[in-house]
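Report on the following structure.
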Amino acid sequence: MNLDATLTNLFEGAASARTPRRRIEHRTRGHGYGPIARLMSPSDLGSTLKPFVFLDIFSADRRTMDAMTAGGGVPIHPHSGVATVTVFTEGNMRYDDPAAGTGVISYGGVEWMRAGGGVWHGHELSPGDVPHIQGFQLWLALTPELENGEPESRYFETEHIRQAGPARVIVGCYDEVESPVPAPAGINYLLVTLQVGERWIYQPPNAHSVGWLAVAKGALDAGEPIGSSEMVLFEHNEKPIVLEAVGSEPAVFVLGSARPHTYPLHLGAYSVHTSAEALVAGERRIAELGRRLKETGGLLTSSGMMPVYR
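Numbering (the numbering used here), first residue to last: 9 to 318.
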């Protein structure tokens with residue numbers, strides 16, 4: 009290690025020692041469903057971490073991906089009242105959408121979908137020619153002006169997602185780097201890789217009292233150890249989150265912070281809304297879209313994928 013790097017590490021280590029660590033209040037490994045582990049749902053931790061209301065980590069090898077593709081993969085299903093953010097930590101998936109073109113989403117790339125008043129989806133991505141795929145799907149609760157609005161679906165390849173230090177800014181703005189993802193204001197969502205021994209301090213923006221992270225690979229020290237496939241919730245305040253990668257491999261994780269979502273959660277089977285009336289409207293719309301989808305069969309592309317149906 010050269011002198012500059014040594015001095016930098018010493019300085020950062022001294023700064024970390026002086027920075028009060030934000031306390032972990034809860035941790036979970038969720039519940040497994042085959043290649044998916046559900047870390048958070050709207051009916052459990054989502055009520056504490058809203059606007060973050062749902063988080064899956066998925067991990068599948070080539071054989072599992074081929075079996076899922078042969079069996080139709082994830083079934084087509086509806087949503088309303090939420091936005092979904094899918095990021096990949098390993099491998100890649102292809103998209104094919106007449107409105108967006110074709111391309112590949114790999115590490116740091118994003119599938120963004122604002123369901124709004126209603127969509128059906130599940131076949132808009134297909135696995136790339138890779139041995140393994142891993143990533144996260146997050147749901148964000150929407151505010152009244154957006155929850156029954158026009159849906160939106162967009163794809164951002166890796167080069168379109170800018171980096172601030174070790175963090176890809178998936179949603180929001182961090183360290184003067186802004187994401188192109190058109191998410192509601194007041195939410196940050198970062199994909200971070202720290203090398204072994206690397207320290208990083210996340211200073212939330214003003215009023216971002218909601219904070220959490222989930223580890224895809226490796227391990228972290230946040231004053232307490234955080235292992236692979238584990239999610240932790242931090243105490244509700246605006247203190248910095250101090251992290252160091254430990255163990256034998258780099259730590260790859262997602263971190264979210266936000267201003268609290270002040271609306272109640274009204275839950276349907278696939279929907280999250282701020283009121284009973286908005287939920288009824290959303291479920292009515294997705295039922296209508298479901299009937300139309302059954303009649304038309306959707307719009308299959310030449311590659312066999314079906315873009316988000318709205």
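A virtual CB, placed ideally from N, CA and C, is assigned to each residue, including glycine.
Residue i and residue j closer than 8 Å at C-beta
i, j, result
"PRO59", "ALA266", "yes"
"VAL112", "ASN100", "yes"
"PRO233", "GLU206", "no"
"GLN130", "VAL95", "The sequence shown places Gly at residue 130, not Gln. Contact flag unset, no."
"PRO86", "ARG122", "no"
"VAL240", "LEU57", "no"
"PHE242", "ARG30", "yes"
"GLY125", "GLY290", "yes"
"LEU273", "VAL61", "yes"
"PRO258", "LEU202", "yes"
"ILE141", "GLU98", "yes"
"ARG162", "TRP120", "yes"
"LEU133", "TYR103", "yes"
"PHE261", "VAL204", "no"
"PRO268", "GLU246", "no"
"VAL280", "PRO50", "yes"
"ASN156", "ALA284", "no"
"ALA227", "GLY255", "yes"
"TRP128", "LEU301", "yes"
"GLY306", "MET313", "no"
Span of the beta strand (DSSP E), counted from its first residue to its last, around residue i
i, result
"VAL288", "Not the beta strand (DSSP E): VAL288 falls in the alpha helix (DSSP H), residues 284-304."
"ARG29", "First-last for ARG29: undefined, no H or E at that position."
"ILE141", "140-149"
"THR97", "90-98"
"HIS129", "127-129"
"PRO86", "85-87"
"LEU308", "Where LEU308 is concerned, there is no enclosing beta strand (DSSP E), given that its DSSP letter is neither H nor E."
Residue(s) in a DSSP beta bridge with residue i
i, result
"GLY40", "ALA45"
"GLY109", "ASP105"
"LEU198", "VAL177 and LEU263"
"ILE209", "VAL250"
"ASP229", "PRO233 and GLU252"
"PRO135", "MET101"
For residue j and residue i, believed in contact at Cβ under 8 Å, the rounded distance
i, j, result
"PRO192", "LEU150", "7 Å"
"ILE178", "TYR210", "About 14 Å separates the two Cβ atoms, so there is no contact after all."
"MET230", "ILE32", "It is Ala, not Met, that sits at residue 230 in the sequence shown. The pair is a contact, with the Cβ atoms about 6 Å apart (cut-off 8 Å)."
"LEU53", "ASP64", "Wrong, their Cβ atoms sit about 13 Å apart, outside the cutoff."
"PRO345", "THR282", "No statement about residue 345 is possible, as the shown extent of the chain runs from 9 to 318 and does not include it."
"ARG35", "GLU238", "6 Å"
"TYR115", "THR72", "Going by Cβ atoms, the distance from TYR115 to THR72 rounds to 20 Å, so no, they are not a contact pair."
Enclosing alpha helix (DSSP H) for residue i [first to last residue]
i, result
"GLU153", "152-155"
For the segment 44-79, list the beta strand (DSSP E) runs that are entirely contained and at least 3 residues long, ordered along the chain. For secondary structure counted as the beta strand (DSSP E) over 3 or more consecutive residues, the segment 44-79 holds these complete runs in sequence order: 44-48 and 60-69.
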